[in-house]
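See structure below.
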Amino acid sequence: MSIKPRDVQVLPVATDTRVFRSRSWARLRFEVEYALAKGTTANCFLIEANKIALIDPPGETFTEIFLNALQQRVDIKKIDYVILGHVNPNRAATLKALFEIAPQITFVCSNPGAINLRGALENADLPILVKRGEETLDLGKGHHLEFIPTPNPRYPDELCTYDPQTEILYTDKLFGAHICGDQVFDEGWQSFLEDRRYYFECVMAPHARQVDTALEKLSDLKVRMYAPNHGPMVRYGLIELTKSYREWIQQQTNQENTVALIYASAYGNTATVAQAIAHGITKAGVRVESINCEFADPAEIQEAVEKSAGFIMGSPTLGGHAPTPVQTALGIVLANASKTKLAGVFGSYGWSGEAIDILETKLKDGGYRFGFDPIRVKFKPDDKTIQFCEEAGTDFAQAIKRTNRVRVASAPASSLEQAVGRILGSLSVVTAKQGDVSSAMLASWISQASFSPPGLTISVAKDRALETLMHTGNPFVVNILAEGREIRKHFMKNYAPGQDRFAGLETTDAANGSPVLMGALAYLECTVKDRMEVGDHWLVYATVDDGKVLNQDSVTAVHHRKSGNHY
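The numbering of the sequence shown is our numbering, which starts it at 6 and goes up by one.
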């Protein structure tokens, strides 16, 4: 299959505003957020009012084709401002080329961004406007731009830009996704949700606390469109995506265990490794408190370490040493972290890796156990290294969870946990009631799907009478049967329309109103959370709200089928 070449798609998106979508259908970089390999779009925006502003030019992969597309539509020497949501070395080539063509340009960024920009362009005299949140920039024609700093440990210079004239919020990393296609806007936004969720888990989840703060800062703006750095612009699903971000943040902050991930990064490589490790940790259901020690207060590092179940430290090697912020953070860790906490060490280097050795030696001498062998990455991490780091993070998180499970192993299982434990290819009767309408079906395609919250999946044929009672938000009960044929035979017969399916059976009402079969082995009270169409069935995911084992001495009934083409 041939791969399309890279190109730039240019379209108007609002008054005086165009988007330049530098596109690649191939995966560009070896970073975990690109792992779905659906290509990427680097969005740059041009506002042409009395003054001209360019927002977020793409990285060096697109430098040549982007500048060619830009020159065809505007005189680059007339551009007044280049606004940067964040600065990284990858953008340096494009920014240098722009500045060489148009030395009249003034760069607009945050204070940390200005520091990074001068370093990336190796020019201490760059014309830079530093925006701290209170200043605005008037381009004329009503485009009075506002700036909102939204820093996080990975992108401490992150800056969002808001144009009240068009009500567009230029969000840089927020609300993005690595997808390449022809869609400029998010028509059919639900189809992008999985990609945006993956991007969130890779880029935002390790900084959930800071992302939550950013959303609060942005909540008072009147926004009709998000313009992220990657993926389609968010117009149709704006409310839903914002709500999803808050839900995903809540899921992170509600995790029982936390790992403090403390690092510094000179050229971005150590940060890439940190991100891969963090993704592995969050995948395993453990929260990450990511801390860039170059920008963190000592008190913040101390608090994170004290509250964490484990910690991981990362450092580049500069001149044979760890940077001063890493050394300071190491001292704080050694003074405040309990010796029972699990530890980890990683880093990147060019010609030597002394900083990693220093961290390892100091922590070993301090009596700490390691959750994985120290990770040493020479130069830029490749795809294989990223996968290795992600798996190391997952192993680290699982080790922490195992330790905590051992500590609480003596606690008896609750009635709900005992009841959920009876689901193992079990034969069950699913019952539901809404108002005066009730129904039931015999089911064997039921599996436990999650631990926290306890959840299960049920496959429901589209032609089942019960199907109409199994939509999102609806309550129902799973009655898990014991060995024996009495109840099974009762629900295997054909029922006439409107016939009472519970006649002759002893039942009671669950708290959610659905019938409980008193002859069952156990029952679970559930709520439908989602459903997916799968051929001739609906696959229903539900959380378990309550449950109880009714007969401790019986054995769960199991349905053994001779064929896979019928029940």
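Ideal placement from N, C-alpha and C gives every residue a C-beta, glycine not left out.
Between F152 and A74, the C-beta gap is not smaller than 7 Å, which leaves the two residues out of contact. For the pair E206 and G285, the CB atoms are not nearer than the 7 Å cut-off.
For the alpha helix (DSSP H) assignment, the uninterrupted runs of no fewer than 4 residues enclosed by the stretch 454–507 are, from N- to C-terminal side, 491–497. Rounded to whole angstroms, N517 and L364 show a C-alpha spacing of 55 Å.
Contact between the stretch 214–228 and the stretch 188–204 is not established, with fewer than three Cβ pairs separated by less than 8 Å.
Annotated as distal: Y160 and A232, with beta-carbon spacing of 7 Å or more. Looking only at Q256, T258, S224 and Q332, the smallest Cα-Cα distance to I244 is reached by S224. In the pairwise beta carbon analysis, the stretch 13–28 is classified as touching the stretch 177–195: at least three pairs are separated by under 8 Å.
Ranking V442, S455, N484 and L41 by CA distance to the CA of A470 puts V442 first. Three or more pairs of CB atoms, one per stretch, sit closer than 8 Å, so the stretch 312–323 contacts the stretch 340–354. For A304 and Q255, the gap between their C-alpha atoms comes out near 24 Å.
F384 and A283 have their C-alpha atoms spaced approximately 20 Å apart. The criterion of a C-beta distance shorter than 7 Å is not satisfied by A269 and E311.
R78 is classed as exposed because its beta carbon has fewer than 16 other beta carbons within 10 Å across all chains shown.
For S457, the closest alpha carbon among the candidates T477, R506, A547 and F377 is that of A547. Within a 10 Å sphere around the beta-carbon of Q195 sit fewer than 16 other beta-carbons, which makes this residue exposed. Residue state for F300 is assigned as coil, using DSSP reduced to three classes. Note that the C-beta distance between S420 and N484 is not below 7 Å. About 18 Å separates the Cβ atoms of D191 and D61, ruling out a contact at the 8 Å cut-off. Looking at the backbone, the Cα of D378 and that of I361 are separated by about 11 Å.
Assignment of T46 by DSSP, reduced to helix, strand and coil, places it in the strand class. Where H542 is concerned, the enclosing beta strand (DSSP E) starts and stops at H542 to V554. If you ignore the 5 residues before and after V135, its C-beta comes within less than 6 Å of the C-beta of N116 and A119, all in its own chain and listed in chain order. Rounded to whole angstroms, F50 and F197 show a C-alpha spacing of 21 Å. Taken atom to atom, the span from the alpha-carbon of L103 to that of F112 is near 11 Å. Counted as a single uninterrupted DSSP element, the alpha helix (DSSP H) harbouring F71 occupies residues T68 to Q76.
Restricting attention to beta strand (DSSP E) runs no shorter than 3 residues, the stretch 220–297 encloses them at 230–233, 263–268 and 292–297, ordered along the chain.
For Q14, there is no enclosing alpha helix (DSSP H); the residue is found in the beta strand (DSSP E) stretching over D12 to A19.
Looking at T166, A210 and T22, the one whose alpha-carbon comes closest to that of E38 is A210. If you ignore the 5 residues before and after W253, its C-beta comes within less than 6 Å of the C-beta of F205, all in its own chain and listed in chain order. Pairing A58 with D21 gives a Cβ-Cβ distance that is not under 7 Å. For the stretch 95–122, the full-length alpha helix (DSSP H) segments reaching 4 residues or more read 97–106 along the chain. The beta-bridge partner set that DSSP reports for E53 consists of I57.
Residue pairing from DSSP places D168 in a beta bridge opposite I173. In summary, D168 is buried, with 16 or more beta-carbon neighbours lying within 10 Å of its beta-carbon over all protein chains present. For R137, no alpha helix (DSSP H) encloses it, and the DSSP letter there is neither H nor E.
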